[in-house]
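Engineer: Provided herewith is a single structure, encoded as structure tokens, for subsequent inquiry.
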Amino acid sequence: MIILSVETSCDETSVAITKDGKSVLSNAVLSQINIHQPYGGVVPEIASRAHIESMLYMFDKAIKDAFIKVSDIDLVAVTQGPGLIGSLLVGINAATTFAYANNIPLMGVNHLLGHIYAAQIEGNMQFPLLTLLVSGGHTELLLVKDHLEIELLGTTLDDAVGEAYDKVARMLGLGYPGGPIVDRLAHQGEAIYNLPKPFLKNEPFNFSFSGLKSSVLNLVHNMKQRNETFKVEDVCASFQESVTEVLVEKTKNAANHLGVKQIIVAGGVAANKGLRTKMKARITDLEILTPSIQYCTDQAAMIGIAAYYQFKKHGALKDYYLKGSSAINFV
Ligand code: KG4
Ligand code: ZN
Numbered sequence: 001m002i003i004l005s006v007e008t009s010c011d012e013t014s015v016a017i018t019k020d021g022k023s024v025l026s027n028a029v030l031s032q033i034n035i036h037q038p039y040g041g042v043v044p045e046i047a048s049r050a051h052i053e054s055m056l057y058m059f060d061k062a063i064k065d066a067f068i069k070v071s072d073i074d075l076v077a078v079t080q081g082p083g084l085i086g087s088l089l090v091g092i093n094a095a096t097t098f099a100y101a102n103n104i105p106l107m108g109v110n111h112l113l114g115h116i117y118a119a120q121i122e123g124n125m126q127f128p129l130l131t132l133l134v135s136g137g138h139t140e141l142l143l144v145k146d147h148l149e150i151e152l153l154g155t156t157l158d159d160a161v162g163e164a165y166d167k168v169a170r171m172l173g174l175g176y177p178g179g180p181i182v183d184r185l186a187h188q189g190e191a192i193y194n195l196p197k198p199f200l201k202n203e204p205f206n207f208s209f210s211g212l213k214s215s216v217l218n219l220v221h222n223m224k225q226r227n228e229t230f231k232v233e234d235v236c237a238s239f240q241e242s243v244t245e246v247l248v249e250k251t252k253n254a255a256n257h258l259g260v261k262q263i264i265v266a267g268g269v270a271a272n273k274g275l276r277t278k279m280k281a282r283i284t285d286l287e288i289l290t291p292s293i294q295y296c297t298d299q300a301a302m303i304g305i306a307a308y309y310q311f312k313k314h315g316a317l318k319d320y321y322l323k324g325s326s327a328i329n330f331v
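In my numbering, the protein residues as written are 1 to 331.
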């Protein structure tokens, strides 16, 4: 089964061709980072316009890169949310139009489901499994009992972990998006500052990163006030040490408690080298499935993989040309 998938929930315009919920035949991704960088974050209106400008080219590229014909496509899948509403609508309109014009069924896919299913590209899911989903907008522990049977165990009470990375990078003047920069600098420094590790002992499945973020702000502010010299690399290493300790320990405890067979670490922050290394070093009795770096951050291949399993279970929208634009409500 050949699926063309579209992802435009934030600042990546992406179209992919995947086969049978496993192989990625093409995954065209155009990042808008350069456009948003001067503003220090994603500007929604600019993101929507940039998606419109590159959308058709990305369809062409994905189809050409995969060496397929339009008539080979069995299903069109598109991210329906969560995400920036204007950006989502560009992808949904493009996918709906393409599906209608070529008489192909259409399906809406939840963005977070896509992040989880990115792991299926690298290995095989074994149920029940625990997913740590860490991205710019979400920090969640999820129990996946079977395909598409997902229970939310816990979430962040304030900032998502990727958001905390981006804010810390911003206060250190490191640029946007901050996660990859802080990760790189952390490996060049030492975790010499004792920052809080918010374990929330009474809430084993929930997270909180806003206090840790404020502690970094206070630390840097106080050192500057005292005219102390400090290495940004050491601040990054200390922040990353706290974040990864919390994420790894909470995941390990939850996995033991629930008796799962496998752990998936997914979402943009799963690209973090410190997190990947610590997770594998600390949890040795369970398989840890982590998408390769290119499939951690936003791209359409993950939407195509999730769509395959969703199609097998629920089928696609039939009168899609009417329901397509309300696909946002279709979970
Ligand atoms: O999944 P994603 O691409 O978009 C959302 O759905 O949010 O995640 C983006 C987030 C950003 O906050 C970015 O800073 C973070 O993932 N990120 C990282 C790394 N690479 C991306 N955070 C920490 N370390 C990284 N290497
Ligand atoms: Zn994402």
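Every residue gets a Cβ at the ideal spot worked out from N, C-alpha and C, and that includes glycine.
Return the bridge partner residues of D146 from the DSSP annotation.
Structural biologist: E149.
Engineer: Could you please give the first and the last residue of the uninterrupted alpha helix (DSSP H) stretch that includes S210?
Structural biologist: Start and end: 210-225.
Engineer: Have a look at S210 and G91 and give me their C-alpha separation to the nearest angstrom.
Structural biologist: Their backbone Cα atoms lie some 32 Å apart in a straight line.
Engineer: With DSSP as the reference, identify every bridge partner of A77, one or two as the case may be.
Structural biologist: Answer is S5, M107, bridged to A77.
Engineer: Look at the Cβ atom of T131, then the Cβ atom of A266, and state whether they are nearer than 8 Å.
Structural biologist: Their beta carbons are under 8 Å apart, which means T131 touches A266 by this criterion.
Engineer: Determine, for F199, whether the minimum Cβ-Cβ distance to residues of chain B falls below 8 Å.
Structural biologist: In the structure shown, chain B cannot be found, because there is only a single protein chain.
Engineer: Out of K313, A316, A307, point me to the one whose CA is closest to N110's CA.
Structural biologist: Taking only the C-alpha atoms, the option nearest N110 is A307.
Engineer: Give the DSSP-derived three-state secondary structure of Q262 in the structure shown.
Structural biologist: Q262 falls in the strand class under three-state DSSP.
Engineer: Helix, strand or coil: how does DSSP classify T283 here?
Structural biologist: The residue you asked about is not Thr; residue 283 is Ile in the sequence shown. Here I283 sits in coil by DSSP.
Engineer: Near K19, which residues of its chain fall below 8 Å by C-beta distance, leaving aside the five closest residues on each side in sequence?
Structural biologist: Counting only Cβ-Cβ distances below 8 Å, and skipping sequence neighbours, we find M1, I2, I3, L25.
Engineer: Just how far apart, CA to CA, sit L148 and L106?
Structural biologist: Looking at the two C-alpha atoms, the distance is approximately 18 Å.
Engineer: Below 8 Å on the Cβ atoms is my contact criterion, and I expect L185 with E233 to pass it. Report the Cβ-Cβ distance as a whole number of Å.
Structural biologist: The Cβ separation is near 5 Å, so the contact holds.
Engineer: Quick one: is the Cβ of D166 within less than 7 Å of any heavy atom of ligand 2?
Structural biologist: No, ligand 2 has no heavy atom inside 7 Å of this Cβ.
Engineer: Compute the beta-carbon to beta-carbon distance between V6 and A101, rounded to the nearest angstrom, for a pair I have assumed lies under 8 Å.
Structural biologist: Not a contact, Cβ separation roughly 14 Å.
Engineer: Straight-line CA distance for P82 to G108?
Structural biologist: Each residue's alpha carbon lies about 11 Å from the other.
Engineer: Starting from the N-terminal end, write out each residue whose C-beta falls within a distance shorter than 5 Å of any non-hydrogen atom of ligand 2.
Structural biologist: Matched residues: S135, D298.
Engineer: What is the DSSP secondary structure of A28, counted as helix, strand or coil?
Structural biologist: If DSSP states are grouped into helix, strand and coil, A28 belongs with the strands.
Engineer: For ligand 1, is there a heavy atom less than 7 Å away from the beta-carbon of H314?
Structural biologist: Result no, Cβ not under 7 Å from ligand 1.
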